[in-house]
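Residue 143 is where the sequence shown starts when you use our numbering, and the numbers rise one by one after that.
Each residue gets a CB set at the ideal place from its N, CA and C atoms; glycine is no exception.
The next block holds one structure in the form of structure tokens; read it before the comments.
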Amino acid sequence: MRAEKNVTQVTNEEAVSEALRNTISVADKQLKDVEKRSIVVILGVVAVVVLLMLAIENMTLSEIGMAAAFVYLPLVCFVAAIALFVRVLIQKKKGGAYKKTLFWAAILTGVIMVIVLGFFIAGMIAFPGMN
């Protein structure tokens, strides 16, 4: 069979603009999904690498609870924040989307600050006379 053009059908501008808007919104969603996936991959890789580094020290099972609170979490947040800030710089240089990555890097930096300030305040409460 031969393909024939249908010249009788007229396309209105509203349908064309709606199709373009839908296409742009799908492309925007795909870019956000790629950024989200890269954040999750970076956080996962950093968490596994830090856990393996701590496992090299041959911690016993009873020490893991305290290590998770005072060593593992701040270390993962610190390394992940650095990795995400590097990713932000790379994406900004390329001209890609980086706002969500910057948000999560700032959140991880905030978690580090809260932990450090918590240790500082706890030290001041526990040892009030020391300068």
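{"Check": "Sequence-distant residues of the same chain with beta carbon closer than 8 Å to L215, five excluded per side", "Outcome": "V253, I257"}
{"Check": "Spatial distance of E160 from F220 (CA atoms)", "Outcome": "45 Å"}
{"Check": "Same chain, Cβ closer than 8 Å to T243, neighbours up to 5 away in sequence not counted", "Outcome": "E177, S180, I181, L226, R229, V230, Q233"}
{"Check": "I184 beta carbon less than 8 Å from that of A222", "Outcome": "yes"}
{"Check": "Neighbourhood of K174 by C-beta distance below 8 Å, restricted to the same chain and skipping five residues each side", "Outcome": "A239, K242"}
{"Check": "Boundaries (first-last residue) of the alpha helix (DSSP H) holding A239", "Outcome": "It is not in any alpha helix (DSSP H) - A239 carries neither H nor E in the DSSP assignment."}
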